[in-house]
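One structure below.
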Amino acid sequence: MDNSPEFKAFNDYLRSRGMKFSQPRKTILKLFLDGESHKDIEELVLEAKKIDSLISRSTVYRTMNLLVICGLADEINFNGERKYFENVSKKHHHDHFFCVQCKNVGEFHHPMIEVLQKEVAKKKKFKITSHRMILYGICGNCK
Numbered sequence: 060m061d062n063s064p065e066f067k068a069f070n071d072y073l074r075s076r077g078m079k080f081s082q083p084r085k086t087i088l089k090l091f092l093d094g095e096s097h098k099d100i101e102e103l104v105l106e107a108k109k110i111d112s113l114i115s116r117s118t119v120y121r122t123m124n125l126l127v128i129c130g131l132a133d134e135i136n137f138n139g140e141r142k143y144f145e146n147v148s149k150k151h152h153h154d155h156f157f158c159v160q161c162k163n164v165g166e167f168h169h170p171m172i173e174v175l176q177k178e179v180a181k182k183k184k185f186k187i188t189s190h191r192m193i194l195y196g197i198c199g200n201c202k
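Okay, here's the thing in structure tokens:
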């Protein structure tokens, strides 16, 4: 069993709700933590089935929902069709590019954008508690 803080946190969360940290859940968590920063739910299903063909689609969906609820994953819906998940423990603030053709997701961070958002909010007497910016377009590979 992995001794990472994420494994411990998920195990503690499940136990507090009378649930077991089953082998399929461990497999799904490991895939999620070891993977790319933006994991598509369908990719997770395929990868989990490669490791254990008995892991069902619904087990992956339920496990990812539990990871969101317990605060280890963040769910992002870029195009209204597919769910993507980010590892909250590795998370640093960033914004996203989303290619509408190939569905590729990219990250970017620019301090000036953050400064401008704060300035606009201050002028409008608005307190920002969080935000998410997604730029939709066509990536360099699809042009």
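When the letters of the sequence shown are read in order and numbered with the working numbering, they come out as residues 60 to 202. Cβ atoms here follow ideal geometry from the backbone N, Cα and C, with glycine treated the same way. All figures in this text were calculated on a predicted structure; none of them were measured in a lab.
VAL159 is the residue among VAL159, ASN200, PHE69 and VAL127 whose C-alpha sits nearest the C-alpha of ILE193. In the DSSP annotation of this structure, the continuous segment of the beta strand (DSSP E) that includes LYS142 starts and ends at 142-146. Annotation: the continuous alpha helix (DSSP H) that includes ASN124 extends over 116-128. Boundaries of the alpha helix (DSSP H) harbouring LEU90: 82-93, taken from the DSSP string.
By the 16-neighbour rule on beta-carbons within 10 angstroms, MET171 is exposed. DSSP places VAL159 in no beta strand (DSSP E); its state is neither H nor E.
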